[in-house]
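Colleague: My questions will all concern the structure given below.
Numbering (the numbering used here), first residue to last: 6 to 334.
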């Protein structure tokens with residue numbers, strides 16, 4: 006095993022206090038290149054119209070925006086021996102996320118990166134996994150994670166080395182009294198099995214898109230099939246809002262009408278809004294509505310975190326669209 010060190014050796018005064026949410030996940034920047042043609046011809050030098058280099062990865066976008074909403078968040082991950090990993094940690098620190106337990110490997114793969122090409126109605130995504138494939142159970146401090154009220158994991162299928170231990174990780178968090186949530190995100194191999202079947206019985210809240218739900222369920226009646234297996238199922242439907250299923254009930258909440266500039270990270274930011282209310286034991290409809298609120302804010306600027314970094318803009322958006330626990334269209 007290669008030698009490792011903590012990316013941040015400082016000790017926060019609140020590290021031993023009970024935080025709201027402990028997140029385990031991948032950590033890398035996003036390079037978003039705008040203006041790409043629908044088809045990319047070979048051996049041609051094409052010109053882009055712009056780009057953004059920003060904090061990426063589903064887990065980190067969630068942690069960043071969740072912290073700026075006011076939740077106390079800890080983040081555990083693994084980065085490579087390079088500047089990009091440190092840059093990502095700095096972005097998280099600036100948002101107030103505790104990154105004391107992010108491990109920096111001193112050998113092995115570099116920090117990963119995701120290239121995103123937004124097109125007219127869809128996008129192309131290419132990820133170099135890097136250090137995220139190498140994070141193992143030995144990189145995680147279970148006592149540190151268990152200081153939180155809630156445990157979350159994103160990008161289930163990108164944790165290749167950790168994968169055999171993920172059910173054990175969820176089981177231990179539940180044994181210690183934490184509630185749990187999972188956002189599978191996409192499966193690059195499109196198999197949708199393996200560790201997923203073992204971890205679902207240990208998940209309190211499953212967050213997914215309609216397409217992901219269909220692949221998870223592998224049956225036509227996907228909502229009924231999966232909602233019978235987890236206490237709370239949340240389905241993100243993009244411009245058509247979101248739905249939650251719990252105790253035989255279905256709750257549908259419409260999305261906000263906003264000018265969409267960039268949908269990168271919108272689903273992860275929905276998770277941030279939902280979980281921010283969930284840990285405060287808000288009604289399920291409020292959790293979904295707040296997820297739609299934060300997701301709506303996210304798409305109005307480039308990247309998954311840029312709209313949240315502008316505190317004045319964020320506060321103004323919330324004041325216009327949130328009243329007494331409900332969305333204002």
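Virtual Cβ for every residue (Gly too), placed ideally from N, Cα, C.
Which runs of the alpha helix (DSSP H) at least 4 residues long sit entirely within the stretch 263 to 293? Give them in chain order.
Modeller: Here the runs fully enclosed are 271 to 283.
Colleague: Can you have a look at residue 152 and say buried or exposed, based on whether 16 or more other CB atoms are within 10 angstroms of its CB?
Modeller: Translated into positions along the chain shown, residue 152 becomes position 147. Answer is buried; the Cβ neighbour count reaches 16.
Colleague: According to the Cβ coordinates, are residue 175 and residue 189 closer than 8 Å?
Modeller: By one-based count along the chain shown, residue 175 stands at place 170. By one-based count along the chain shown, residue 189 stands at place 184. Contact flag unset, no.
Colleague: Counting Cβ pairs, one atom from each stretch, are 3 or more of them under 8 Å apart for the stretch 34 to 50 and the stretch 298 to 309?
Modeller: The answer is yes - the stretch 298 to 309 touches the stretch 34 to 50, with three or more Cβ pairs under 8 Å.
Colleague: Take every Cβ of the stretch 220 to 230, pair it with every Cβ of the stretch 259 to 268, and state whether three or more of those distances are shorter than 8 Å.
Modeller: Not touching, per the Cβ criterion.
Colleague: Using a Cβ distance threshold of 8 Å, determine whether the stretch 82 to 101 contacts the stretch 286 to 300, with at least three qualifying pairs required.
Modeller: In short, these stretches do not touch, since the Cβ pair count stays below three.
Colleague: Can you tell me the Cα-Cα spacing of residue 204 and residue 197, whole angstroms?
Modeller: Counting from one through the chain shown, the residue named residue 204 turns up at place 199. Counting from one through the chain shown, the residue named residue 197 turns up at place 192. Using only the alpha carbons, I get a separation of about 12 Å.
Colleague: I need the straight-line Cα distance from residue 150 to residue 325, nearest angstrom please.
Modeller: Position 145 of the chain shown holds residue 150. Position 320 of the chain shown holds residue 325. Rounded to whole angstroms, residue 150 to residue 325 spans 36 Å at the Cα level.
Colleague: From 127, 68, 144, 137, pick the residue whose C-alpha is nearest to that of residue 98; which is it?
Modeller: As a first step, residue 98 is located in the chain shown; it is residue number 93 there, counting from the start. Comparing Cα positions, the closest option is 68.
Colleague: What separation, rounded to the nearest whole angstrom, lies between the Cα atoms of residue 230 and residue 145?
Modeller: Residue 230 sits at position 225 when you count from the first residue of the chain shown. Residue 145 sits at position 140 when you count from the first residue of the chain shown. Computed Cα separation, rounded: 33 Å.
Colleague: Return the residue from the list 318, 319, 31 that minimises the CA-CA distance to residue 160.
Modeller: Counted from its first residue, the chain shown places residue 160 at position 155. When only C-alpha atoms are compared, the closest one is 31.
Colleague: Provide the residue span of the alpha helix (DSSP H) that contains residue 203, from first to last.
Modeller: For this step, residue 203 is matched to residue 198 along the chain shown. Segment 200 to 204, the alpha helix (DSSP H) holding residue 203.
Colleague: Consult DSSP for residue 169 and reduce its assignment to one of helix, strand or coil.
Modeller: Reading the chain shown from its first residue, position 164 is the one you call residue 169. Residue state, collapsed to three classes: helix.
Colleague: Can you check whether the CB of residue 166 is closer than 8 Å to the CB of residue 141?
Modeller: If you number the chain shown from 1, residue 141 lands on position 136. If you number the chain shown from 1, residue 166 lands on position 161. Result yes, Cβ atoms of residue 141 and residue 166 sit closer than 8 Å.
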